[in-house]
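Numbering (my numbering) for the sequence shown: 657 to 1253.
C-beta atoms are modelled at their ideal positions from N, C-alpha and C, and glycine is treated no differently.
Predicted model only: the values in this text are computed from it and were never measured.
A short write-up of the structure that comes next.
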Amino acid sequence: MTLVRVAPHLEQDVDLSKTYDAVVVGSGAAGGMAAHVLTTRGLKVLMLEAGKKLPIEQELRSMQWPYDHPRRGDAPPGYHSLSFNEYTIRTPPYAKNSTAKHVMSYVGGWGGSDYVKNILVDEKDHPYTGTKYAWVRARALGGKTNIWGRLALRLSDYDFKAKTHDGYGDDWPISYADLQPYYDKVDLYLGISGVKENLPHLPDSLFQRPNKLTSSEVKLREGLKKMGRVLTPYRAGVTTDGLKHNRYRSKCYGRGACDRRPGGCDIHAAFDSPTGLIYPAMDTGNLTVRPNSIAHEVLVDKNTGRARGVAFLDSATRKSYEAKAKVVIVAASTLESARLLLLSRSPQHPNGIGNSSGHVGHNFCEHVMGPGVTGLVKDLVGKPSTLDDGRPGGFYIPRFRNLKDRQPGFVRGYGFEGGGGFSIFPGNAFGTPGFGAQFKREVRDHAGAFIGMGGFGEVLSRYENYVDLDPDTKDAWGIPTLRFHYQFGDNERKMCEDMVVAGREMLEAAGIEVIGTDEKMLTEGWSIHELGTARMGSDPKTSVLNQFQQSHDVKNLFVVDGSSHVSASCQNPTWTIMALAWRSCEYLADEFKKGNV
């Protein structure tokens, strides 16, 4: 058995009188990767994280049985999680006038709110305004990587060169060949499980041992083969074989409540930024981490206009500080990074730093979700239970629309995530009528016979979908908040209609009875895959960053998170975010040593 080493002590002496080689804002997937690459290359790095360093294992408790929790996972009285109806009927700020002491995003309402109440932000302290948007934020060391869904997918040239393929939007300034070596590096350093499928639109990773499909999932896979479509085991950012180079992570033993929403992994088999990237970076002696540090301005040199550091508030004491650095790396997550750039106004950068193009905050895109199907495999009713728990995910069906043929009504495509089999709690119990022994028998007989899947589709990048600063609303620390001007369009609506049709078609082709469909689109933001507010490009007039995520305007400013994405694709973005950050920070380290930044 792998012994997980105790995390390094974070109560470091932070010397703010010195000038660091680089300051990194944010500690999630992008910030963690920046710290890993730069410290490995010998740069002295200061990381600023707005949230706390939590004893994350005590928060997640992914091995805890529901009956061992006093409220079966629910948070104590005084906590409220926003619902779909609240997002639909009301407008931001959603916590305004709430009688609850603490308000969380919808993630807390998935079941298990007690496990995330200290990870998710309190919406009362972090308001935002504008159009409807379900913004999920986590302020803690590691950010949302502490509870992410773990699906780790690569993009292809169907994505990087999407305009060339279908004529819409803009191509990225890079191709798959540019990023493939860095995808490989991420795979090997962090671990990923899956099966090779040799699909040009969903490139394979360097996989470790895959998770087994359940009986219902195998049945669906065999049915899809006849349609020329693929069902592959969930490609999870989880080490199933172990990582000899990392002392803070264990391999997966299939023991935890992996299907509990929200997730999390006590033994860190699933990637999270602290154990996967930050702690090893601290072991180099080159990384200093300062939690509770809310960045609110990228500071500039009055003579040159170059970045000279970051101004931040201590979240506990509310005292103001400055961190000086030769290079500033923004990795605060797509929307918070845009907010920080817009907040950083100066005579040299009156519209916000790096924003001479006027594109910061614009071209905002993500994934649309909601439509899905549920089926019943009648052959499995009454069959003995099998151990299907402890998997990081079920299956993934890659995009099949608009690859060779053109689908009428919409461009781009969508994939499906799904699963079937037995779980720690039979979800069918809620909808099963009756009581007593007959009720229990009915629930048990059907518990492993259901299979369900939901679509994740590409939201087109549009200049008119954007965020800016609200001139009147401020957060609990007096910092202006974001205002949303964002909504789905006809392309997304028609795509979602097709998801339901295609989902039903696939289940029926596999001989699975369709017992339910969900046709509603979930609120904008529900996917938690925000992208594109500081996109990269070759033309400084229509983009914010170059191909290395370096500001066109300020050469020692880099933005290495999802805000650099030119388009959303329909694949989950975390692995691409980290591959891009690795590539950009290697470039930065080379240029730094040459004296070019």
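Quiz prompt | Whole beta strand (DSSP E) elements within the region 1150-1229, 3-residue minimum | solution = 1169-1174 and 1213-1215
- Item | Cβ neighbours of residue 948 in the same chain (closer than 8 Å, five flanking residues each side left out) | Reading the sequence shown from its first residue, position 292 is the one you call residue 948. Hits under 8 Å: 705, 706, 707, 708, 970, 971 and 972.
- prompt: Using the beta-carbon count (16 or more within 10 Å), is residue 800 buried or exposed?
  reply: For the purposes of this step, residue 800 is taken as residue 144 along the sequence shown, with counting starting at 1. Flag for residue 800 reads buried.
Practice task
Would you kindly check if the distance between the Cβ of residue 937 and the Cβ of residue 692 is under 7 Å?
Solution key: If you number the sequence shown from 1, residue 692 lands on position 36. If you number the sequence shown from 1, residue 937 lands on position 281. Yes. Within cutoff.
Problem - Alpha-carbon to alpha-carbon, residue 1104 and residue 1214 - result: Position 558 of the sequence shown holds residue 1214. Position 448 of the sequence shown holds residue 1104. Cα-Cα distance, rounded: 49 Å.
What does the Cβ neighbour count give for residue 909, buried or exposed, with the cut at 16 atoms within 10 Å? Translated into the one-based positions of the sequence shown, residue 909 becomes position 253. Exposed, by the Cβ-count rule.
Less than 7 Å between the beta carbons of residue 1124 and residue 1100, yes or no? For the purposes of this step, residue 1124 is taken as the residue at position 468 of the sequence shown. For the purposes of this step, residue 1100 is taken as the residue at position 444 of the sequence shown. No; because the gap between Cβ atoms is not below 7 Å, this pair is not in contact.
Would you kindly report the start and end of the unbroken beta strand (DSSP E) that includes residue 676?
-> Counting from one through the sequence shown, the residue named residue 676 turns up at place 20. Its beta strand (DSSP E) spans residues 675-681.
>> I need the straight-line Cα distance from residue 1143 to residue 776, nearest angstrom please.
In response: Within the sequence shown, the letter at position 487 stands for residue 1143. Within the sequence shown, the letter at position 120 stands for residue 776. Between residue 1143 and residue 776, the C-alpha separation is close to 24 Å.
Whole angstroms are fine: how far does the CA of residue 1102 sit from the CA of residue 835? Against the sequence shown, residue 835 aligns to sequence position 179. Against the sequence shown, residue 1102 aligns to sequence position 446. Distance between the alpha carbons of residue 835 and residue 1102: 45 Å.
- prompt: From 1178, 1002, 840 and 1064, pick the residue whose C-alpha is nearest to that of residue 893; which is it?
  reply: Numbered from 1 along the sequence shown, position 237 holds the residue referred to as residue 893. Selected option, being the one with the closest Cα: 840.
Can you find a heavy atom of the ligand MG that lies under 6 Å from the Cβ of residue 852?
-> Among the components of this structure there are no ligands whatsoever, and the ligand MG is therefore not found.
Can you find the residues in the same chain that come closer than 7 Å, C-beta to C-beta, to residue 968, ignoring five residues on each side of it along the sequence?
Within the sequence shown, residue 968 is the residue found at index 312, counting from 1. Contacts found: 704, 949, 950, 951, 952, 977 and 979.
* Check each candidate in 934, 1205, 964 and 759 and name the one with the smallest Cα separation from residue 1237. => Residue numbering aside, residue 1237 sits at position 581 when the sequence shown is read from its first letter. Among 934, 1205, 964 and 759, the Cα nearest to that of residue 1237 is on 1205.
Going straight from the alpha carbon of residue 828 to that of residue 1033, what length do you get?
Here residue 828 is taken as the residue at index 172 of the sequence shown, counted from 1. Here residue 1033 is taken as the residue at index 377 of the sequence shown, counted from 1. Answer to the nearest angstrom: the Cα atoms are 43 Å apart.
If you follow the beta strand (DSSP E) that residue 1255 is in, where does it begin and where does it stop? The structure shown does not extend to residue 1255, since the chain is modelled only from 657 through 1253, so no value can be given for it.
Three-state secondary structure assigned by DSSP to residue 1140: The residue labelled residue 1140 in the question sits at position 484 within the sequence shown. Residue 1140: strand per DSSP, three-state reduction.
*For residue 1020, which of helix, strand or coil comes out of DSSP?*
Here residue 1020 is taken as the residue at index 364 of the sequence shown, counted from 1. Residue 1020: coil per DSSP, three-state reduction.
Notebook entry, point to check: Alpha carbon to alpha carbon, what distance is there between residue 1035 and residue 1088?
Noted result: Taking the sequence shown and counting its residues from 1, one reaches residue 1088 at position 432. Taking the sequence shown and counting its residues from 1, one reaches residue 1035 at position 379. Rounded to whole angstroms, residue 1088 to residue 1035 spans 19 Å at the Cα level.
Checklist line | DSSP three-state assignment for residue 797, whether helix, strand or coil | finding: Position 141 of the sequence shown holds residue 797. Of the three classes helix, strand and coil, the one that applies to residue 797 here is coil, per DSSP.
**OP:** Kindly indicate the opening and closing residues of the beta strand (DSSP E) around residue 1125.
**Re:** Position 469 of the sequence shown, counted from the start, is the residue given in the question as residue 1125. Counting along the chain, the beta strand (DSSP E) containing residue 1125 begins and ends at 1122-1130.
Give the C-beta separation of residue 987 and residue 681 to the nearest angstrom, bearing in mind that I take them to be a contact with Cβ-Cβ under 8 Å.
-> As a working note, residue 987 is residue 331 in the sequence shown. As a working note, residue 681 is residue 25 in the sequence shown. That pair is a contact at about 6 Å.
| said: Taking the beta strand (DSSP E) that residue 970 belongs to, which residues open and close that run? | reply: Residue numbering aside, residue 970 sits at position 314 when the sequence shown is read from its first letter. First-last of the beta strand (DSSP E) with residue 970: 963-970.
Original post:
Out of curiosity, what's the CA-to-CA distance linking residue 856 and residue 812?
Top reply: Walking along the sequence shown from the start, residue 856 turns up at place 200. Walking along the sequence shown from the start, residue 812 turns up at place 156. Using only the alpha carbons, I get a separation of about 7 Å.
Check: How would you write the range of the beta strand (DSSP E) that residue 1070 sits in, first residue to last?
Finding: By one-based count along the sequence shown, residue 1070 stands at place 414. Residues 1070-1076.
(Q) Once the 5 residues before and after residue 778 are set aside, which same chain residues still bring their CB inside 6 Å of it? (A) One-based indexing of the sequence shown puts residue 778 at position 122. Closer than 6 Å at the Cβ level, and outside the excluded window around residue 778, lie 758.
Can you tell me whether residue 824 is buried or exposed, with buried defined as 16 or more other CB within 10 angstroms of its CB?
By one-based count along the sequence shown, residue 824 stands at place 168. So residue 824 ends up on the exposed side.
- Task: Let me know the secondary structure DSSP gives residue 1009 once reduced to three states.
- Result: Translated into positions along the sequence shown, residue 1009 becomes position 353. If DSSP states are grouped into helix, strand and coil, residue 1009 belongs with coil.
Please classify residue 1233: is it buried, with 16 or more other beta-carbons within 10 angstroms of its beta-carbon, or exposed? Here residue 1233 corresponds to residue number 577 of the sequence shown, with the count starting at 1. Buried, since its Cβ has 16 or more Cβ neighbours within 10 Å.
query: Do residue 866 and residue 850 come within 7 Å of each other at the CB atom, strictly closer than that value?
result: Position 194 of the sequence shown, counted from the start, is the residue given in the question as residue 850. Position 210 of the sequence shown, counted from the start, is the residue given in the question as residue 866. Taking 7 Å as the Cβ cut-off, residue 850 and residue 866 qualify as a contacting pair.
- Query: Going by the CB atoms, is the gap between residue 1052 and residue 888 shorter than 7 Å?
  - Reply: On the sequence shown, position 232 is the one that residue 888 refers to. On the sequence shown, position 396 is the one that residue 1052 refers to. Cβ distance < 7 Å, so residue 888 and residue 1052 count as in contact.
- Can you check whether the CB of residue 1185 is closer than 7 Å to the CB of residue 1023? The sequence position of residue 1023 within the sequence shown is 367, counting from 1. The sequence position of residue 1185 within the sequence shown is 529, counting from 1. Yes, they are a contact pair.
Whole angstroms is fine: what's the gap from residue 985's alpha carbon to residue 1243's? Position 329 of the sequence shown, counted from the first residue, corresponds to residue 985. Position 587 of the sequence shown, counted from the first residue, corresponds to residue 1243. If I take the Cα positions, the gap works out to 13 Å.
field: Neighbourhood of residue 1196 by C-beta distance below 8 Å, restricted to the same chain and skipping five residues each side
entry: The residue given as residue 1196 occupies position 540 in the sequence shown. Here the set comprises 1012, 1013, 1208 and 1209.
Between 1137, 983, 795 and 1145, which lies nearest to residue 1251 when the distance is taken from Cα to Cα?
For the purposes of this step, residue 1251 is taken as residue 595 along the sequence shown, with counting starting at 1. Nearest C-alpha to residue 1251: 983.
field: residue 833, buried or exposed, once every other Cβ within 10 Å from all chains shown has been counted against 16
entry: As a first step, residue 833 must be located in the sequence shown, where it is residue number 177. That one is exposed.
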